[in-house]
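Asker:
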Amino acid sequence: MEYIENVRSQLLEEVEPVPEADWNIKTDATDWSVAQVVEHLRLFEAFVGRSMKSALETEPTTRAEEKPIQMMKYRRRPAEAPQELQPEDMEFNKQTLLEELQETRNYIRHLEERHTSEDLAARSISHPNFGPMPLHQWLEMIGLHEERHIAQIQDIKAKL
Numbered sequence: 001m002e003y004i005e006n007v008r009s010q011l012l013e014e015v016e017p018v019p020e021a022d023w024n025i026k027t028d029a030t031d032w033s034v035a036q037v038v039e040h041l042r043l044f045e046a047f048v049g050r051s052m053k054s055a056l057e058t059e060p061t062t063r064a065e066e067k068p069i070q071m072m073k074y075r076r077r078p079a080e081a082p083q084e085l086q087p088e089d090m091e092f093n094k095q096t097l098l099e100e101l102q103e104t105r106n107y108i109r110h111l112e113e114r115h116t117s118e119d120l121a122a123r124s125i126s127h128p129n130f131g132p133m134p135l136h137q138w139l140e141m142i143g144l145h146e147e148r149h150i151a152q153i154q155d156i157k158a159k160l
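UniProt numbering puts the first residue of the sequence shown at 1, with every later residue one more than the last.
Here is the structure:
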């Protein structure tokens, strides 16, 4: 959790100074705004939280092998989010969205604190590219995913 908390701090350092007037600006018709990137991160973390809860309610099965997920933070390979994790094309209130992002983190923290490392290693969730991944790797994935999008936010801010 320390890693993902550090990455979250970096994310907040990037987005908190963005003025409300710039929060929803799309610098290109096909790009996301800073707000949409944050909403995507919230949707992803909420998905991970729901999936972890479901997996933790089941009995352990065959352990999933750890996957080489470090590449997730690099933007060289374009990736398109699944439809359910794509933000709507709408305006988002900055304070509300940041509060909702914190709520998803609180839920992830709650799940992690209530379960042992063995619980997290013994259960898995399937990833569309990597296949079944142990839950503890999904926690790391949250941080890697945020790192990837911090770079995207920096690019957006440079164009504002």
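Each residue gets a CB set at the ideal place from its N, CA and C atoms; glycine is no exception.
1. Would you list the one or two residues that DSSP bridges to glycine 131?
2. For glutamine 137 versus lysine 67, is the C-beta spacing smaller than 8 Å?
3. Looking only at C-alpha atoms, which of Ala46, Thr27, Glu14 sits nearest to lysine 159?
4. Once the 5 residues before and after methionine 72 are set aside, which same chain residues still bring their CB inside 7 Å of it?
5. Just how far apart, CA to CA, sit lysine 94 and valine 38?
6. Closer than 7 Å by C-beta to glutamate 45: which residues in its own chain qualify, once you throw out the five before and the five after it? Chain order, please.
7. Using a Cβ-Cβ cutoff of less than 6 Å, which residues in the same chain neighbour leucine 120 once the five nearest sequence positions on both sides are dropped?
8. Could you tell me the alpha carbon to alpha carbon distance between asparagine 24 and glutamine 102, rounded to whole angstroms?
Answerer: Well, looking at it:
1. According to DSSP, which records beta bridges pairwise, glycine 131 is partnered with His127.
2. Going by C-beta atoms, glutamine 137 is nearer than 8 Å to lysine 67.
3. Thr27
4. Met141, Leu144, His145, Arg148
5. 9 Å
6. Thr104, Arg105, Ile108, Ile142
7. Result list for leucine 120: Leu135, His136, in chain order.
8. 19 Å
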